[in-house]
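Novice: If you're matching positions, the sequence shown starts at 1 in UniProt numbering and goes up one per residue.
Every residue, glycine too, gets a C-beta built ideally from N, C-alpha and C.
Small disclaimer: the values here were computed from a predicted structure and weren't measured.
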Amino acid sequence: MLVDQQARPPFVAEYGLSLLLETEEWRGVFDAGQSPQTLRRNSELVGIGNKSLDFAVISHEHMDHVGGLSALKQLLKDDAPVYMPAGVNWRLLKSAEDLGLNVKRLMTGTRAAKAAFITSQQYGPPYEQSLIINLDGNRAVSLLGCSHPGPSRMVSKVLYDLSLTPYAVVGGLHLAWATPDKVRLEAEALKMLGVKVIVPLHCSGDPVKLESSRLGMKVLQASVGDKVVLPLDL
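(1) What are the boundary residues of the alpha helix (DSSP H) that includes P207?
(2) In the DSSP assignment, find the unbroken beta strand (DSSP E) run with T110 in it and report its ends.
(3) Assess contact between the region 183–191 and the region 218–228, defined as three or more Cβ pairs (one per stretch) separated by less than 8 Å. Is contact present?
(4) Can you tell me whether DSSP reads L69 as helix, strand or coil?
(5) Any C-beta of chain D sitting closer than 7 Å to the C-beta of V229?
(6) Does at least one heavy atom of the ligand NAD sit under 6 Å from the Cβ of N102?
(7) Using alpha carbons as the reference points, say which of L144, L101, G216 and R91 lies closest to H202.
(8) With DSSP run on the structure shown, which of helix, strand or coil describes E186?
(9) Report the CB separation of Q121 from L106 in whole angstroms; it is logged as a contact under 8 Å.
(10) Do V195 and V170 have their CB atoms nearer than 7 Å?
(11) Just checking, does the region 20–29 make contact with the region 175–182 on the three C-beta pairs under 8 Å criterion?
(12) DSSP state of K94, grouped into three classes?
(13) Examine the Cβ distances between the region 38–49 and the region 80–99 and report whether three or more of them are shorter than 8 Å.
(14) Which residues in the same chain have their Cβ closer than 8 Å to the Cβ of N134, if we skip the five residues on either side of it in sequence?
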């Protein structure tokens, strides 16, 4: 984890989200946090070298997910794609293009790398997309930025668009300010979709952690600097 409001020393905490993704074949990043300074500092501590990332996925246009784009430019390989929803505002597009980023606006789902798929955008507002990692040919991980369209609605893309089984959800669930009924309904929907593991970050809030645990899902607490290796041996 590169950016979140929870961090263990010497990492820097910040309200925002950025996740480093690693497999044996590629390295990517999901969202860019709120500031280039924090993304740059935490990337250095993790050991990410300049021009070492194969791609970036931006979930949506809010500043706490795109503010670190200038630092992201340094971390990406030359001409590495930066995938954004087609519906992002023109100011973000111009800013990214002025930085020299290779922006790819997505209206439909696309393959980012081996076993990594970006969903078609969904409207919250704003327009938002998620990244799905196929773990083993069946089980999949959903990476969510803020879940403005609703976490269960976004995770359902795993089942209905890719015919995979939702296994884990990592990222912002946008339930920190939700009513207890909303939290309960979303947690129950994730459980019904087949989710076994939740790593709630950013805007998720504590109630969904308690509700998910009550329903029998494994809830992992994670901070900046932590590594989550999936699948878990449950």
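Specialist: Taking the structure as given:
(1) D206 to R214
(2) T110 to A113
(3) no
(4) helix
(5) Absent from the structure is chain D; it holds one protein chain and no more.
(6) As for the ligand NAD, it is missing from this structure, which has no ligand bound.
(7) L144
(8) helix
(9) 7 Å
(10) no
(11) no
(12) helix
(13) no
(14) A115, A116, F117, A140, L162 and L164
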